[in-house]
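Protein chains in written order, with the working numbering: chain F, 250 to 739; chain C, 3 to 180.
Just so you know, even glycine gets a beta-carbon here, dropped at the ideal spot from N, CA and C.
Here is the structure we will look at.
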Amino acid sequence: MASHSESIIREPLITGKNITYGQITDDILRPVENMPGKAWWIGFTVASLGAMLWVFSISYTFWFGIGSWGLNKTVGWAWDITGFVWWVGIGHAGTLISAVLLLFRQNWRNSINRSAEAMTIFAVICAATYIGAHMGRPWMAVYSLPLPNQYGSLWVNFNSPLIWDVFAISTYFSVSLVFWYTGLLPDMASIRDRATGIRRRIYSVASFGWTGSVKTWQRFETVSLILAGLSTPLVLSVHTIVSMDFATSLEPGWHTTIFPPYFVAGAIFSGFAMVQTLLLVTRKVLGLENYITMFHIESMNKIILVTGSVVGVAYITEFFIAYYSGGEYEQYTFLNRFIGPYWWAACMMYGCNVLMTQMMWSKKVRTNIPISWVLSIIVNIGMWFERFVIIVVSLHRDYLPSSWAMFYPTWIDVGVFIGSIGIFFTMFLLFIRVMPAVAIAEVKLLLKSASEQAKKKQIEEGHFDESHVEFYKENLIKFDSVDHSEYEKA
Amino acid sequence: MSSTKYILGVFDDPDEMMHGIDKLQKNSVPIYDVYTPMPIHGIDAKLGVKDSRLGYAAFMFGCMGGTTIFTLVYYFLVHDWPMDIGGKNAFAIPDFIPVTFEWTVLFASYGMAFTFFFATHLFPGRAPRVMDLRATNDKFVIAIDAKGNIPHEDITNILKEAGASEVKHNDRKYVSYE
């Protein structure tokens, strides 16, 4: 491992000079071992206010029932399922970063997987709250499980995609949790062995007695790899099944065979956008610019560009199939998206998801932090509108014009949605206070192979030819965390 | 008689630690264990640690999960409560695939993870039995069982020659409780 070094044409994954293993631990654990800064407190206060709004809105919903939402007989699903699908989609990038990129041996995942996995857990919790609330009588949620009950042989219907959904989401959450927590053990041990007093006791319990012996590491890596192998098809199955909630119906706009791949691509798209939104702030606030570098930001932007384009192709395919099917209801549904009363929602969806992301073809845009951050939020807004368009705009006008209706959200609808964002950010902010936002052990693996200082040392020792070195230096120009004057001398 | 139980070679650099292992093995000094803050690839082959068999455990648990849910669904929908919906077959195998897949993954993941915790003696609240607290931070530690080994001074010299930044003669097995 340690003597292995990467090709010079690859950009460094850790920047800065004179970085040591000890410094990596110090840098990453600084927010965990010290009092939080002003930025954290401001963020936490705002997020907590959001979380309180959620508590109020959900309590109101449970007290007065689903009637407090803007649903009606025609639009039976609206902001609730829009929020659910949006949050589940956001969760997917975490698993993709930790699992798929691990299988493909993409070392750049090492700096971002921990936060992304945490994001998955919190996003799926937010999604689950929507399902719980949407049931109207959440204490009846237990009946979605195949448990013996007092009604005789009354079992859940395994032919229904809604039950597949219960199994898919609960499995996804459970497996993500075990993947995340197993990965945290070595880092918790690092905190434990530097802590004193009550903190040491807490982290001692949480780190399961981790020692870092050879056999433990070997088994740990085996577990990580197999969990990645299991999570990869799992993540694809989850959003495929979520899409089947719609696709197996006969509703125009929903009954679409393209939904499974289209939903999966959309999930990756929105998930990576949320990772970008979180990490661009996290790296700045926690001072992790050396570990979450411009290479990471650009790589994520490239994935957003690719998945955004896949989603764009899916939109075009939907339109073509609606036209080509010859089904008048199907054709009307798609026409209604543009000329119906919700035309603005469709414009937001296509504009944010397809047009705006195409800006990322430009390297200048991909490597510009403020623009990347704004674009990542635009993608999240666009993807929310995508789900809104699929659900509400398809439902509000179906076969019978006599049943056509509009959906108007109540302030409780808005409160639950804004509140769920508050819950999400509250959990994320607490997470970065008590657990390392970057996987310490995994980043240490890169120090001798893919760090700026390792590459620089090899350049100085003359291991690379001049053209490759020049190419490397040119690529460094975009890094905001590289001291460029160092290279002018070299 | 010396009270030393373990001799620890503390290294700052993983390459030097690998070099230390080579030197110790060349001098026929048996190594008790090695503790590192990150996985070191290739070290298990060097120390003769057998490949992990957790993959087999994952496979077996996966098979168990798939079989369990398929059997349950068969019992629920075909045996206990068959429903005639449009004359469709109650034993609708394609509909059973999603849940069967999910439980296969669930059992494989949890079964393997718990096997890992069990085999490695990891569980919540277990007292951490580390020999040097810095081994989870920035030090790479080779532990040698001092009992019945060649003169301790020789081991110290071998470790120092290999580049150990520090050699410790511990009279306790673990230091976590200090």
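Practice item. For F/Asn629, I'd like the list of residues in its chain whose CB is within less than 7 Å of its CB, leaving aside the five on either flank, ordered along the chain. Key: Here residue 629 of chain F refers to the residue found at position 380 when the first sequence is read from its first residue. Within the same chain, F/Asn629 has close Cβ partners Ser519, Ala522, Met523 and Thr526.
Practice item. Would you list the residues sitting across from C/Asp147 in a DSSP beta bridge? Key: Start at 1 with the first residue of the second sequence, and residue 147 of chain C comes out as number 145. Bridge partners of C/Asp147: C/Tyr8.
Check your understanding: Whose C-beta lies closer than 8 Å to the C-beta of F/Ala251 among residues of the same chain, with five residues either side of it excluded?
Key -> Locating residue 251 of chain F in the first sequence gives position 2, counting from the first residue. Any reading at F/Ala251 must be qualified, since the residue scores a pLDDT of 44, below 50, and its modelled position is unreliable; no value is offered.
Check your understanding: Rounded to whole angstroms, how far is the Cβ of F/Ile268 from the Cβ of F/Gln707, which I believe are closer than 8 Å?
Key -> The residue labelled residue 268 of chain F in the question sits at position 19 within the first sequence. The residue labelled residue 707 of chain F in the question sits at position 458 within the first sequence. Not really, about 15 Å apart at Cβ, beyond 8 Å.
Exercise for review: Kindly list, in the order they appear in chain F, the residues whose Cβ is closer than 7 Å to that of C/Leu26.
Suggested key: By 1-based counting over the second sequence, the position of residue 26 of chain C is 24. The CB of C/Leu26 never comes closer than 7 Å to any CB in chain F; the least such distance is about 14 Å.
Practice item. May I have the straight-line CA-CA distance separating C/His21 from C/Leu161, to the nearest angstrom? Key: Residue mapping note: residue 21 of chain C aligns to position 19 of the second sequence, counting from 1. Residue mapping note: residue 161 of chain C aligns to position 159 of the second sequence, counting from 1. Spanning the two alpha carbons is a distance of roughly 9 Å.
Exercise for review: Kindly indicate if chain F contains any beta-carbon less than 8 Å away from that of C/Ile45.
Suggested key: As a working note, residue 45 of chain C is residue 43 in the second sequence. Chain F contact via Cβ: present.
Practice item. For F/Gly401, write down the residues that DSSP places opposite it in a beta bridge. Key: In the first sequence, residue 401 of chain F corresponds to position 152, counting from 1. Under DSSP, the beta-bridge partners assigned to F/Gly401 are F/Asn398.
Review point. If you draw a straight line from the alpha carbon of F/Phe720 to that of F/Lys727, how long is it in whole angstroms?
Key: On the first sequence, position 471 is the one that residue 720 of chain F refers to. On the first sequence, position 478 is the one that residue 727 of chain F refers to. Each residue's Cα considered, the two are about 13 Å apart.
Exercise for review: For C/Leu161, go through chain F and note every residue whose CB falls closer than 8 Å to its CB, in chain order.
Suggested key: Here the question's residue 161 of chain C lines up with position 159 in the second sequence. Ordered by position in chain F, no residue passes the 8 Å Cβ test against C/Leu161, which lies about 17 Å from the chain.
Check your understanding: Would a C-beta distance cut-off of 8 Å place C/Glu168 and C/Val12 closer than the cut-off?
Key -> Position 166 of the second sequence holds residue 168 of chain C. Position 10 of the second sequence holds residue 12 of chain C. Pairing C/Glu168 with C/Val12 gives a Cβ-Cβ distance under 8 Å.
Point to revise | F/Asn602 classed as buried or exposed, judged by whether at least 16 other C-beta atoms fall within 10 angstroms | key: For the purposes of this step, residue 602 of chain F is identified with residue 353 of the first sequence, where counting begins at 1. Under the 10 Å beta carbon count, F/Asn602 is surrounded by 16 or more other beta carbons and is classified as buried.
Point to revise | Host beta strand (DSSP E) of C/Tyr37 (start-end) | key: Numbered from 1 along the second sequence, position 35 holds the residue referred to as residue 37 of chain C. Per DSSP, C/Tyr37 belongs to the beta strand (DSSP E) from Asp35 to Tyr37.
Point to revise | Residue closest to C/Lys170, alpha-carbon to alpha-carbon, out of C/Ile95, C/Pro41, C/Ile146 and C/Asn91 | key: For the purposes of this step, residue 170 of chain C is taken as the residue at position 168 of the second sequence. For the set C/Ile95, C/Pro41, C/Ile146 and C/Asn91, the Cα lying nearest the Cα of C/Lys170 is the one of C/Ile146.
**Study point:** Rounded Cβ spacing between F/Glu658 and F/Gly319 (contact assumed at less than 8 Å)
**Key:** Within the first sequence, the letter at position 409 stands for residue 658 of chain F. Within the first sequence, the letter at position 70 stands for residue 319 of chain F. One detail in the question is off: residue 658 of chain F reads as Pro in this sequence, not Glu. Contact holds; Cβ gap of about 5 Å.
Check your understanding: Among F/Tyr270, F/Arg259, F/Glu260 and F/Ile258, which has the Cα closest to the Cα of F/Glu691?
Key -> The sequence position of residue 691 of chain F within the first sequence is 442, counting from 1. That would be F/Tyr270, whose Cα lies nearest to the Cα of F/Glu691.
Exercise for review: Drop a sphere of 10 angstroms on the beta-carbon of F/Ala688, count the other beta-carbons inside from all chains shown, and report buried for 16 or more, exposed for fewer.
Suggested key: Within the first sequence, the letter at position 439 stands for residue 688 of chain F. By the 10 Å Cβ count, F/Ala688 comes out buried.
Review point. What span of residues does the alpha helix (DSSP H) with F/Val718 cover, start to end?
Key: Against the first sequence, residue 718 of chain F aligns to sequence position 469. Counting along the chain, the alpha helix (DSSP H) containing F/Val718 begins and ends at Glu715 to Leu725.
Review point. Could you give the distance in angstroms between the alpha-carbon of F/Ala496 and the alpha-carbon of F/Ala514?
Key: For the purposes of this step, residue 496 of chain F is identified with residue 247 of the first sequence, where counting begins at 1. For the purposes of this step, residue 514 of chain F is identified with residue 265 of the first sequence, where counting begins at 1. Distance between F/Ala496 and F/Ala514, taken at the CA atoms: about 16 Å.
Check your understanding: In whole angstroms, what separates the C-alpha of C/Phe115 from that of C/Trp105?
Key -> By 1-based counting over the second sequence, the position of residue 115 of chain C is 113. By 1-based counting over the second sequence, the position of residue 105 of chain C is 103. Correcting the residue identity first, residue 115 of chain C is Ala in this sequence and not Phe. So the alpha carbons of these two residues sit roughly 15 Å apart.
**Study point:** Extent of the continuous alpha helix (DSSP H) run through F/Val530
**Key:** The residue you call residue 530 of chain F lines up with position 281 of the first sequence. Phe508 to Val534 is the extent of the alpha helix (DSSP H) around F/Val530.
**Study point:** Same chain, Cβ closer than 6 Å to F/Asn283, five either side skipped, listed in chain order
**Key:** The residue given as residue 283 of chain F occupies position 34 in the first sequence. Cβ neighbours of F/Asn283 beyond the five flanking positions: none.
Exercise for review: Could you tell me which residues DSSP pairs with F/Ile263 in its beta bridges?
Suggested key: Looking up residue 263 of chain F in the first sequence gives position 14. Answer by DSSP bridge pairing, in chain order: F/Ser700.
Check your understanding: Span of the alpha helix (DSSP H) holding C/Lys170?
Key -> Working through the second sequence from its first residue, we reach residue 170 of chain C at position 168. Membership of C/Lys170 in any alpha helix (DSSP H) is not indicated; the residue belongs instead to the beta strand (DSSP E) covering Glu168 to Asn172.
Practice item. Enumerate in chain order the residues of its own chain whose CB-to-CB distance from F/Thr566 is below 6 Å, with the five nearest sequence positions on each side excluded. Key: Residue mapping note: residue 566 of chain F aligns to position 317 of the first sequence, counting from 1. Ile507.
Exercise for review: Check distances from the C-beta atoms of the stretch 393-412 of chain F to those of chain C and list, in chain order, the residues that come in under 9 Å.
Suggested key: Going along the stretch 393-412 of chain F in chain order, one finds Pro395, Gly401, Ser402, Leu403, Trp404, Val405, Asn406, Phe407, Asn408, Ser409, Pro410 and Ile412 with a Cβ nearer than 9 Å to chain C.
Review point. DSSP three-state call for F/Ser462: helix, strand or coil?
Key: Here residue 462 of chain F refers to the residue found at position 213 when the first sequence is read from its first residue. Here F/Ser462 sits in strand by DSSP.
Check your understanding: How about the stretch 478-488 of chain F and the stretch 390-399 of chain F: do they share at least three Cβ pairs that are nearer than 8 Å?
Key -> No, the stretch 478-488 of chain F does not touch the stretch 390-399 of chain F.
**Study point:** Contacts of C/Ala121 in chain F (Cβ-Cβ under 8 Å)
**Key:** Within the second sequence, residue 121 of chain C is the residue found at index 119, counting from 1. The answer, in chain order, is Arg468.
Practice item. Could you tell me which chain F residues have their CB closer than 9 Å to the CB of C/Pro153, listed as they occur along the chain? Key: Here residue 153 of chain C refers to the residue found at position 151 when the second sequence is read from its first residue. Chain F residues near C/Pro153: none, gap ~26 Å exceeds 9 Å.
Point to revise | Environment of F/Arg354 [buried if 16+ CB atoms lie within 10 Å] | key: By one-based count along the first sequence, residue 354 of chain F stands at place 105. It counts as exposed.
Review point. Using 8 Å as the Cβ pair cut-off and three pairs as the minimum, do the stretch 321-339 of chain F and the stretch 360-376 of chain F touch?
Key: Enough Cβ pairs lie closer than 8 Å, so yes.
Check your understanding: By the criterion of Cβ-Cβ separation under 7 Å, what are the contact partners of F/Gly299 in chain C?
Key -> As a working mapping, residue 299 of chain F is identified with position 50 in the first sequence. Taking a Cβ-Cβ cut-off of 7 Å, F/Gly299 has no neighbours in chain C, whose nearest Cβ is about 32 Å from it.
Review point. Excluding sequence positions up to five away, which residues of its chain have a Cβ less than 7 Å from the Cβ of F/His717?
Key: By 1-based counting over the first sequence, the position of residue 717 of chain F is 468. Residues of the same chain with a CB within less than 7 Å of the CB of F/His717, apart from the 5 flanking positions on each side, are Ile257 and Ile258 in chain order.
Exercise for review: Just mark F/Phe673 as buried or exposed, buried being the case when its beta carbon has 16 or more other beta carbons within 10 Å.
Suggested key: Looking up residue 673 of chain F in the first sequence gives position 424. F/Phe673 should be labelled buried.
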